[in-house]
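Position 349 of the sequence shown, counted from 1, bears residue number 349 in full-length UniProt numbering, the numbering being contiguous throughout.
A virtual CB, placed ideally from N, CA and C, is assigned to each residue, including glycine.
Treat the numbers as computed from the prediction; the structure is a model and nothing was measured.
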Amino acid sequence: MNSQNNLNLPSPCYHCGEEVPDNTNFSVEILGQKRVMCCPGCESVAQTILDSGLVSYYQYRTTPAQKAELIPEQLQTLIHYDNEEVQSEFVRHKEQYSEVTLSLEGVSCAACAWLIEKQLASQNGVVSMRVNTTTHRAVLVWDKTQAQLSELLSAIHRLGYKAAPFEADKQEATYHKQMKQYLYRLGIAGLATMQVMMLAVALYLEVFGDLEPEFKNYFRWVSLIFATPVMLYSALPFYINAWRSIQGKTLGMDVPVSLAMIFAYVSSLIATVTESGEVFFESISMFAFFLLLGRFLEMRARRKAAAASGNLLKLIPAMATRLDGEQVPVKTLKVGDRIRVLPGENIPSDGKIVLGRVHIDESMLTGESIPVVKSVDDYVYAGTMNGEESFELEVTSTKADSMISSIIRLQDEAQLSKPRIAQIADIVARYFVAVILITAASTWVYWHQTKPNDAFWIMLSVLVATCPCALSLATPTALTCATSRLGNLGILLRKGHVFETLCKVNHLVIDKTGTLTHGEIVISDIQTFSSISEIEVSQIASSIESHANHPIARAFDTYRNPNIHVSDVENIIGSGLVGNYHGSIVKIGSASFVLNTHNTTKPNQIYMSLDGEHIATFTYQDPIRAESKAFIDRFQQAGISVTLLTGDSHQNAELTANEIGIKKVVSEAKPEDKLNYLNSLDKTEITMMLGDGINDAPTLAGAHLSVAMGGGTDAAKASADMVLLGDQLDRVLAARDLALQTRNIIRENLAWSLGYNALILPLAIAGLIAPYFAVIGMSASSIIVVSNSLRLLKEKQG
């Protein structure tokens, strides 16, 4: 028996003796002690030895075993994903939990997703695992103190699927590899089908006259030779998926398909060997060809639906330029690094401008094609495009925490949050396969008693024709396409219920400042009452207001003159400011403070005096957005009631409401008042709240559906279901139209898939559908559903 290693040295693998990598946790209890292992392979082999009752092997062996190769080499490389530096590129951290977006290979239907989710949920340390069958991506959340990422990826691999952190370029390479394999399989099935069909014509129609029995048997053996590669190679993906389902104690879409092919092949093989009975080699080849063709077209359509978000990451360049001119990989950039962004380049990282004034094209984020002016201390985002001037940038976030990564992550999460109708469809599809198998068996029993020669054919038709592939694709493909379309509109989707709720909204509750208005106070009029010019009074006002920090004070920034200086400034809270200008006392603020009168300050006016003399009156306003009135009109025309809910004064709220056409106004509302108003509404009212400030955060969280303006506070965005990146209200109208279209598409998909199965099942049972027509019908059904969903990616014209 091996002696224990010195406690001060790292323990080698108990099974093979090789060094145990850092950050791994593979072990097996052997001979009463916990023994460390270097990889999942050694762990599995050791456990198998124990389970077989051969523990004495470890007592009497004289040298360590060879390193276990039970698990493929690529599985052993998963250990590298536990390295913290490697994880920094793709893992996000939320409190004590870690989160990663994974690319999955081998997922073909809702049953695959359910199997992975079920098995991972049983793993120690897993908080949640949600799979998207359309994008072939998943979001895994786990507690890293209880489980290593490599262990969880290994669990997925043991199910027969491949998983790795999502990278756009790698996933595209994987996609092209899969498509190439499908083309090979499709080509072999197509060639075999042509050859076997010619032989079948000779066999069944006897076009060459009466064939001698030995010639018939010869043709059967030739057909067997052509059909065998189809069974063993072309149809392999169906068997693999079916076996995964059976191992996971569920019934996937490929179970009835695989059974049909295996039954047909085995019975034909027996008939060929015994020289009695019928053969179905041409049907087997046609099955595989049409099924593969359907899957191939379906994969291409799904790829189109899933490509939009992945393509965003391609906008981030691979290399960045340091200030000294050195080119470095973007993934090595750390927070605080400074880089130079050259003209016409895509910005490599989220950051803050430290030198320069530039025009940035943010259309990939906001959908707005007009470049945005950015200067020192303004933030820019990875993937957006620099204009014609270079600038210096200070990195403020890693690639994993960048705006683009956040958008993709939130879109994935939204797609993974299945609406109720999708959950029901998945359950129906899963149990429907069991119904198919029972129905097929019952059909065979009936026809075997009535027409024994046709029973097998009819059973095959039932197995294939009614496979509910289209049903499982009906909702996820539509949601994926709609989410991609929202991204093109400049809307960041944060919750999966948005499409469902948008269709039901009947009460719009909207904030004023920063939502219906621009949220930026501007001076709209200046009146002077002395010999001092309008320009000078504006510059004096700008100097004294520079000592205050509120929106009205910032409206004077455009009049700043460094040669005009007001000293000894004192801020009188609630009244205004007072200071010294060339030995004279200057005041700016309310009428009672500045003019020492009891006159009430008129709405949106500021007064200024010099040594008690009224020298100017400034009128300010928060301009209403150009699209606000049309936005409100559209909602009211749709029968949706509108309420203006604001913390602003009653006078300002009424002015805005009257100009836009809002009848219900709740003004001077504190954050708790806003939330109380929402809670006071009738339960039949489905509310949508639009806001942008910290004071809107509780209300946004409390509404059925919430939209935060992109220029608003982080608190508001964190509480919202959707974020309007470009601050354009008409995009919300487009989102509502898209939600209604998505609902119609889902209903059409479900109606088609359920209607098809309801029509084809009795025809198949009655023996009126040939097996190859059943294959064509099933494949066409899936393609129609996916193609119908792709309509959501198209922009409406006019």
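*If you draw a straight line from the C-alpha of residue 799 to the C-alpha of Ser538, how long is it?*
Any property of residue 799 remains undetermined from this structure, which presents the chain solely from 1 to 798.
*Should the segment 752–762 be regarded as contacting the segment 777–786, the criterion being three or more beta carbon pairs within less than 8 Å?*
yes
*Put Thr24 into one of helix, strand or coil per three-state DSSP.*
coil
*In the DSSP assignment, find the unbroken alpha helix (DSSP H) run with Ser245 in it and report its ends.*
236–247
_Close beta carbons around Ala163, own chain, < 8 Å, minus the five adjacent residues each side_ = Leu102, Ser103, Leu104, Glu105, Ala138, Leu153, Ile156, His157
*Would you kindly work out how many angstroms separate the C-alpha atoms of Trp142 and Glu117, rounded to a whole number?*
13 Å
*Sorted by chain position, which residues of the same chain lie with C-beta nearer than 6 Å to Phe226's C-beta, five sequence neighbours on each side aside?*
Ala192, Gln195, Val196
*asked:* Quick check: the segment 604–617 against the segment 469–485, are at least 3 beta-carbon pairs closer than 8 Å?
replied: no
*To the nearest angstrom, report how far apart Gly125 and Cys112 are at their CA atoms.*
22 Å
*Thinking C-beta only, is Ala701 closer than 9 Å to Lys512?*
no
*In the DSSP assignment, what residue or residues form a beta bridge with Val785?*
None, per the DSSP bridge assignment.
*asked:* Please classify Val785 as buried or exposed, where buried requires at least 16 other C-beta atoms within 10 Å of its C-beta.
replied: buried
*CB Thr384 to CB Ile347, shorter than 9 Å?*
yes
*With Phe290 and Met261 assumed to form a contact (beta carbons below 8 Å), what rounded beta-carbon distance in angstroms separates them?*
So it is not a contact: roughly 12 Å between Cβ atoms.
*asked:* Using 8 Å for Cβ pairs, my map puts Ile316 next to Leu393. What's the rounded Cβ distance?
replied: Not confirmed; about 13 Å, so no contact.
_Opposing strand residues paired with Val358 [DSSP bridges]_ = Lys374
*Span of the beta strand (DSSP E) holding Leu759?*
It is not in any beta strand (DSSP E) - Leu759 instead sits in the alpha helix (DSSP H) that spans 730–765.
*Contact check, Ser641 vs Leu508, beta carbons under 9 Å*: yes
*Quick one: Cα of Ala764 to Cα of Met231, how far?*
24 Å
*Strand pairing of Leu705, partner residues [DSSP]*: Met688
*Could you spell out where the alpha helix (DSSP H) holding Tyr14 opens and where it closes?*
No alpha helix (DSSP H) contains Tyr14, which DSSP labels as neither H nor E.
_Going by beta-carbon coordinates alone, are Ser268 and Leu224 separated by less than 9 Å?_
yes
*Spatial neighbours of Leu292 within its chain, please: CB distance less than 7 Å, with the 5 preceding and 5 following residues excluded, ordered by chain position.*
Tyr182, Arg185, Leu186, Ala189, Ser234
*Note down, in chain order, each residue of its chain lying with its Cβ closer than 7 Å to the Cβ of Ile662, except the 5 sequence neighbours on either side.*
Ile632, Val642, Leu644
*Reducing DSSP to helix, strand and coil, say where Ile588 ends up.*
strand
*Given a threshold of 16 other Cβ atoms within 10 Å of its Cβ, counted over all protein chains shown, does Ala751 qualify as buried or as exposed?*
exposed
_Helix, strand or coil at Glu326 [DSSP, three-state]_ = coil
*Do you know how far the Cα of Leu333 is from the Cα of Ser390?*
19 Å
*In angstroms, rounded to a whole number, what distance separates the CA positions of Asp682 and Met688?*
14 Å
*asked:* In whole angstroms, give me the CA-to-CA distance for Phe90 and Val665.
replied: 46 Å
*Apart from the five residues on each side of it in sequence, which residues of its chain come closer than 6 Å, Cβ to Cβ, to His704?*
Thr501, Ile686, Thr687
*Does any CB atom of chain B fall closer than 9 Å to the CB of Thr145?*
Absent here is chain B; the protein component of the structure consists of one chain.
*When you compare only the Cα positions, how much space is there between Phe773 and Lys504?*
41 Å
*Given Gln148, which residues of its chain have a CB within under 6 Å of its CB, disregarding the five upstream and five downstream residues?*
Asn25, Asp82
*asked:* Considering only the alpha carbon of each residue, which of Cys38, Leu768, Ser276 lies closest to Ser461?
replied: Leu768
*Report the three-state DSSP secondary structure of Gln119 (helix, strand or coil).*
helix
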